[in-house]
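Residue numbers (the working numbering): 105 to 633.
Where is the CB? At the ideal position from N, CA and C, for every residue including glycine.
Only a predicted model underlies this, so the values are computations on that prediction, with no experimental measurement involved.
These notes concern the structure reproduced below.
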């Protein structure tokens, strides 16, 4: 699940969002004479449409995938999380690689890999094969959105044009979220679950042709060295944590394999901190976390996107497996969520511009928490009006949180570090989505007594039991979301006050004074590239 968080901010600072602070995005004048910026923007929007529609389309198809391929409840989690895990791990690396070897080259390669991965998903003969194909698809997905944003920032020269282009590009997210459930429902109902992957191929082919024809090649004048140890350790920590959360239901929390996996994640986290403190140019600069606005933005992003992924995952299963709705009708039910995102994302950007990040964060927490409270008593016969109201509130809450996350992440940072701060905030979104699926599945599955089985088989009784248990099993998830929403509100207050501003000023001074002022080693071996 790739979610950029770039809906519509409408702020000039959007010019360096996801530019990772490790690149020089100054345009290449030689590329401007015959350039068609509108077609470049349209091509980048197609890539965003590919990735964002894939999020909701795949979720709508999960019950059909379960019925066709069978397997355990954890298989459904891995279908989503295999993709998100790869994206979360490689998001920053893909952007840095594009700046190093060429943005168009990486962008076109990403489209090709994404389409090939989609084809492999559509051909998958088993749940395990589908999970592996989804991971490969994630490799392509990681190359698309951050690189597309760098391309836009390189092509649109003036701050006003750049901000407008990024706003239009980000607005495609809301449109894709709205179209995804409908498209997924139509495709799954009429052509089966495999069609939700095949549909990516014509869109990707058009995007690839347009990219080769209209997007100019560009590289950064200055490229930050690739932090290989950090990339490896981050992948280790995320993979081990996700595997433990998803597989604990199958093996038990006390199983040696689960305990060893959790220990591996903990050791990886400790090693990551030790390694990053010793590097001259770390990927994860620990000094950032001394700034309360940045730390708050990271935690808020994790909470908000954990809510987002949990919402999509559980409600898809509930609407189709418990209420017996078709994929199309289930997609229609989730439209209030998508419309809430579309309506509130641009509003959030304007509120941030006029009043700062605190107010939209508080309103976001109110929407997310209010929607979750309505679902804490979920049953198989909950009135549709309650469901639609809950979905609309959650959509509004989610739409309101993205602009202030980015604003809080970059506020107070030196300009040459703001892009990296925004990139880390975007990565934290993916981490939240990753952990949301794993944790919500673990909480519900621990209450359910039998694994999910394909409905056509003789073990239909297990499916009936599963369907009956899911609403009650999800109650703890909705209460957890209420707690997370309260956390967003608290973090929104703490990360936007006077103390937070002073902490950001302190961090800015650390970067102004250089590495010696922060206690970082200056005799570190230069990182390998």
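{"Query": "Cutting at 6 Å between CB atoms, please list the residues of its own chain near residue 186, excluding the five before and the five after it.", "Result": "235, 238, 239"}
{"Query": "Can you have a look at residue 205 and say buried or exposed, based on whether 16 or more other CB atoms are within 10 angstroms of its CB?", "Result": "exposed"}
{"Query": "What's the C-alpha gap between residue 537 and residue 517?", "Result": "26 Å"}
{"Query": "Would you call residue 351 buried or exposed, if buried means 16 or more other Cβ atoms sit within 10 Å of its Cβ?", "Result": "buried"}
{"Query": "Looking at the structure shown, is residue 140 part of a helix, part of a strand, or coil, going by DSSP?", "Result": "coil"}
{"Query": "Measure the C-alpha to C-alpha separation of residue 227 and residue 600 and round it to an integer number of angstroms.", "Result": "49 Å"}
{"Query": "From which residue to which residue does the alpha helix (DSSP H) around residue 222 run?", "Result": "207 to 227"}
{"Query": "Is the beta carbon of residue 542 sitting closer than 8 Å to the one on residue 181?", "Result": "yes"}
{"Query": "Can you find the residues in the same chain that come closer than 8 Å, C-beta to C-beta, to residue 498, ignoring five residues on each side of it along the sequence?", "Result": "411, 415, 441, 444, 471, 472, 475, 476"}
{"Query": "What's the C-alpha gap between residue 128 and residue 268?", "Result": "With a pLDDT of only 43 at residue 128, under 50, the local geometry of the prediction cannot be trusted, and the value read off the model is given with reservation. Approximately 20 Å, taken between the alpha carbons."}
{"Query": "Three-state secondary structure (DSSP) at residue 175?", "Result": "coil"}
{"Query": "Rounded to whole angstroms, what's the CA-CA distance from residue 562 to residue 190? Just pull it up for me.", "Result": "In this prediction, residue 562 has a pLDDT of 41, which is less than 50 and means its spatial position is unreliable; what the coordinates show is noted afterwards. Roughly 36 Å between the two C-alpha positions."}
{"Query": "At the level of alpha carbons, what is the spacing between residue 615 and residue 355?", "Result": "47 Å"}
{"Query": "Going by DSSP, what residue range makes up the alpha helix (DSSP H) through residue 313?", "Result": "304 to 318"}
{"Query": "Within 10 Å of its beta-carbon, does residue 273 have 16 or more other beta-carbons around it, so buried, or fewer, so exposed?", "Result": "buried"}
{"Query": "Should residue 84 and residue 152 be called a contact, given that it needs their Cβ atoms to be closer than 8 Å?", "Result": "Because the chain is modelled from 105 through 633, residue 84 falls outside the range shown and cannot be assessed."}
{"Query": "Give the single residue among 312, 457, 458, 400 whose Cα lies nearest to the Cα of residue 607.", "Result": "400"}
{"Query": "Measuring CA to CA, which of 321, 215, 346 is closest to residue 308?", "Result": "215"}
{"Query": "Based on Cα-Cα distance, which residue from 175, 577, 203 lies nearest to residue 330?", "Result": "203"}
{"Query": "Consult DSSP for residue 601 and reduce its assignment to one of helix, strand or coil.", "Result": "coil"}
{"Query": "Looking only at its chain, what residues have a beta carbon closer than 8 Å to the beta carbon of residue 586, apart from the 5 residues adjacent to it on each side?", "Result": "473, 476, 477, 480"}
{"Query": "Rounded to whole angstroms, what is the Cα-Cα separation between residue 383 and residue 369?", "Result": "21 Å"}
{"Query": "Mapping DSSP to helix, strand and coil, what is residue 460?", "Result": "coil"}
{"Query": "Please determine, among 464, 531, 201, the residue with the shortest C-alpha to C-alpha distance to residue 326.", "Result": "201"}
{"Query": "Are the beta-carbon atoms of residue 540 and residue 404 separated by less than 8 Å?", "Result": "no"}
{"Query": "Alpha carbon to alpha carbon, how far is residue 546 from residue 509? Give it in angstroms, no decimals.", "Result": "27 Å"}
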